[in-house]
Structures are given as C-alpha cells and as structure tokens.
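Undergrad:
Right under this line is the structure:
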C-alpha cells in the first residue's frame, strides 16, 4: 500500500528478492529446455530459454535455474559460481520488466556453466556483465 491508501501495481517476481517460486524445478522442465530451448551464448555462460509447458503459478512470468558442470573445478568453486550467477540475475532481472506484457506463457531461463577456464579466473563482474548481455538478447528474442 502506498501512503495515500492506494495499492501500487507490482508484478510478482520483479522485486529485488529472488523468491522460491521463481526457481525452475522439475525434470520435465529441464529436459524440455535442453531439447526445445533457444541457446544464447555468453562469454562464460550458456543460456537456454523457452516458454514453459508445465508451470505452477500464473503470476510468475520468468522462471530461473542454474546448472554448473562437475568438470568445472571443485565443489567450492562451483558453488561460488552459482552464488554469483544467482546474485547477478537477482540484481539484473528488472531488465526483463520491459517485455513482460508481451508474453502469455511463463518464460524459463536456464544458465549453464560447463566449460573449464584454466587460464582465466572468473569473477563476479564478468558474470554480471555476461548476464546483462544475455538478458538483453532475451528481450530481443521476445520482441521479434
């Protein structure tokens, strides 16, 4: 509620928080994304995106998931990459707000890190800029 007593319109899933409802789950959804999803390549991450066939909530417009291959370093390093990707998506998901009215089905977004980069060290700023570029490409994909 706002100060004057009127309710402001907020679309669920576009706050600063990444809610549990926004997390993509289910073997069917992952299998569908890998087979039918559009691939968007970033410098570090690969993104699969597709309208969802099996969704839980009509108020959520975007579902999000992360997958890091076991060949990518130790568990400590993989978990760090997942935390960075989750944080970068949480901070930049408002980029997708501009095209939320153009979709009628929820959109699934899966970020995959499956390469080993022995010669470079991945840091948060690189992942953040990579996710921004990927989200811009998703907007272009939806707009056309």
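Residue numbers (my numbering): 195 to 338. Don't be surprised by glycine CBs; every beta carbon is placed ideally from N, CA and C. Quick caveat: nothing in here was measured; it's all calculated off a predicted structure.
By the DSSP assignment, the beta strand (DSSP E) with residue 235 in it spans what residues?
TA: It spans 232-235 - the beta strand (DSSP E) in which residue 235 sits, taken as one unbroken run.
Undergrad: Using a Cβ distance threshold of 8 Å, determine whether the region 225-239 contacts the region 282-295, with at least three qualifying pairs required.
TA: The answer is no - the region 282-295 does not touch the region 225-239, with fewer than three Cβ pairs under 8 Å.
Undergrad: Compare the C-alpha of residue 309 against each of 324, 239, 217 and name the closest.
TA: Residue 239 is the option with its Cα nearest to residue 309.
Undergrad: Output the distance between the C-alpha atoms of residue 213 and residue 285, rounded to the nearest integer angstrom.
TA: Going from the Cα of residue 213 to the Cα of residue 285 covers about 13 Å.
Undergrad: Please state whether DSSP places residue 279 in a helix, a strand or coil.
TA: Three-state result, residue 279: helix.
Undergrad: Using the Cβ count rule (16 or more neighbours within 10 Å means buried), how would you classify residue 217?
TA: The residue is exposed, with fewer than 16 neighbouring Cβ atoms inside 10 Å.
Undergrad: Are residue 266 and residue 241 closer than 8 Å when you measure CB to CB?
TA: In this structure, residue 241 does not lie closer than 8 Å to residue 266 by Cβ.
Undergrad: Nearest-angstrom Cα distance between residue 299 and residue 246?
TA: Taking the straight line from one Cα to the other gives about 7 Å.
Undergrad: Could you tell me how far apart the beta carbons of residue 362 and residue 257 are, in whole angstroms, since I believe they sit closer than 8 Å?
TA: One cannot answer for residue 362 here, as it falls past the ends of the chain, which runs 195 to 338.
Undergrad: Drop a sphere of 10 angstroms on the beta-carbon of residue 296, count the other beta-carbons inside from all chains shown, and report buried for 16 or more, exposed for fewer.
TA: Exposed: under 16 other Cβ atoms inside 10 Å.
Undergrad: Along the alpha helix (DSSP H) that carries residue 319, what are the first and last residues, could you check?
TA: Counting along the chain, the alpha helix (DSSP H) containing residue 319 begins and ends at 318-337.
Undergrad: Whole angstroms are fine: how far does the CA of residue 228 sit from the CA of residue 278?
TA: Taking the straight line joining both Cα atoms gives about 22 Å.
Undergrad: Check the DSSP bridge columns for residue 304 and list the partner residues they point to.
TA: 242, 259.
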